[in-house]
Ligand code: CS2
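In the UniProt record's numbering, the protein residues as written are 1 to 496.
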């Protein structure tokens, strides 16, 4: 195997030698038309590829400026040394495929590149600002849906609106500059995160932030700026040395920032782009009037069971999703959870084959080549549990239907917060509320009822009304007891 360290770096000048690894040799470098906030692996394996394909199919100036919001100059510099190029390594049961993506033209790191970013955002050629900033990047108050005023980043941005660091702060400052510019044309804001009604949720956060600094600006944003919702789907793990080695071997060049992903991908987008958009519909994206049914199906069926697998696996000792789903009892649990508890809560178009969707998900989880780590999915549970699991549980309670498996999933998250697996192996808890959650979990000293009471009091996760529902408390307590008495693996087997 080639050692990546000894190879020349991937750059645009070597593209002629890589014709079998690009989507098409016909390529014209586009001007930047999209600024993307959150230039992580997901965007690079999903929207960036669709955008490159759309430009190949129909042209357009839709080059991407990617922005890291965590001050990650290492990532910026690695990608800029490659002039924005990187490879996507699709790993499936049938083998792997390496594609070099060209749509990314520039990478900026906030807060260092403040002036460059605001220069871009003021450029009328930039017609879309898209986002994958994870749930916590929205700085959203879980109780009201407005911007979270107790978030220190938000407090900073309200005090220094011209030097913002948070997503709502950056968007409001940029939109203000667009409103005040000669032509006064805004960009479209495109949320691509796993939040229910992500466009509407972002619009509320942005407008509520704007209202605190300039009421007229808030009115202008509400009237003029489009925030279409989207459902994005592709399983994209974190990069490891395995991808660097694969790329070195297949390309003969060194890529410091390749992205692994599964072959499957899906993108459903609400078609509201007053300033135009790439021809994503020409390359497989579904442009629809209402994304809600797709979004809820994906959040509840995929992300809900992903989180379930992740927490049960952290306790039971499965490192990756494919190892977890290869366990027959776990497979049975997830199959039954989707079929009996989640699917009945969805309102789907007649053409949507929910059993087929379930089976495709189980096959995607079983992909042995992806090695999607459960610890990665287990991060940020306080942000992920409400849309992925609690909304489904509320629907089940409202319908008077049982939800023992969904309760087991929430109980597994609560138990996970003790910081060690059933065999005592310790792990880190990565969550914006980690300190509070760990302290609450520790205060219960392993006692299921105390653990439940302590965590149900966290209003950023559990709405008061749900926390008080007797059906929820009974099911949760039963599941916590089962996990405490038997450990996760036997609890899963007992659920059959
Ligand atoms: C995962 C998602 O990390 C997670 O929480 O559930 O990133 C999941 O892989 C994607 O949403 C799939 O589209």
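Built from N, CA and C at the ideal position, the CB exists for glycine as well.
Could you tell me if residue i is buried or exposed, where buried requires 16 or more neighbouring beta carbons within 10 angstroms of its beta carbon?
| i | result |
| --- | --- |
| residue 76 | buried |
| residue 497 | Nothing about residue 497 can be read from this structure; the chain reaches only from 1 to 496. |
| residue 255 | buried |
| residue 497 | No answer is possible for residue 497: the residues shown for the chain start at 1 and end at 496. |
| residue 193 | buried |
| residue 392 | buried |
| residue 352 | exposed |
| residue 204 | buried |
| residue 199 | buried |
| residue 53 | buried |
| residue 87 | buried |
DSSP three-state label for residue i, please.
| i | result |
| --- | --- |
| residue 55 | helix |
| residue 109 | strand |
| residue 86 | strand |
| residue 463 | coil |
| residue 401 | coil |
| residue 428 | coil |
| residue 120 | helix |
| residue 387 | helix |
| residue 139 | coil |
| residue 492 | helix |
| residue 393 | helix |
Alpha carbon to alpha carbon, how far is residue j from residue i? Give it in angstroms, no decimals.
| i | j | result |
| --- | --- | --- |
| residue 316 | residue 18 | 44 Å |
| residue 48 | residue 74 | 20 Å |
| residue 274 | residue 220 | 15 Å |
| residue 82 | residue 9 | 7 Å |
| residue 319 | residue 330 | 14 Å |
| residue 176 | residue 429 | 38 Å |
| residue 120 | residue 184 | 15 Å |
| residue 481 | residue 151 | 35 Å |
| residue 389 | residue 306 | 10 Å |
| residue 242 | residue 250 | 12 Å |
| residue 403 | residue 363 | 24 Å |
| residue 444 | residue 495 | 25 Å |
| residue 479 | residue 154 | 37 Å |
| residue 167 | residue 138 | 6 Å |
| residue 212 | residue 146 | 11 Å |
| residue 140 | residue 492 | 34 Å |
| residue 247 | residue 98 | 7 Å |
| residue 132 | residue 40 | 8 Å |
| residue 127 | residue 69 | 20 Å |
Which residues in the same chain as residue i place their Cβ atom closer than 8 Å to its Cβ, once the five residues preceding and following it in sequence are excluded?
| i | result |
| --- | --- |
| residue 111 | 71, 163, 165 |
| residue 136 | 380, 383, 432 |
| residue 477 | 448, 449, 452 |
| residue 129 | 34, 35, 36, 37, 121, 171, 174, 187, 188, 189, 190 |
By Cβ distance below 6 Å, which residues in the same chain neighbour residue i in space, the five residues on each side in sequence not counted?
| i | result |
| --- | --- |
| residue 343 | 354 |
| residue 324 | 309, 313, 318, 330 |
| residue 95 | none |
| residue 15 | none |
| residue 208 | 146, 147 |
| residue 169 | 157 |
Mind checking if residue i is an interface residue toward chain C, Cβ cutoff 7 Å exclusive?
| i | result |
| --- | --- |
| residue 20 | Judged by its chain identifiers, the structure shown contains no chain C, having just a single protein chain. |
*Output the residue ranges of the beta strand (DSSP E) runs that lie fully inside the stretch 164-208 and measure 3 residues or longer, sorted by chain position.*
You should have 188-191.
*Residue ranges of each beta strand (DSSP E) within the stretch 2-87, 3 or longer*: 32-37, 63-68
*Just list the alpha helix (DSSP H) runs in the stretch 281-368, keeping only unbroken ones of 4 residues or longer that don't cross its boundaries, in chain order.*
Runs of the alpha helix (DSSP H) lying entirely within the stretch 281-368, each at least 4 residues long, are 292-297, 304-316, 321-325, 328-336, 354-365 in chain order.
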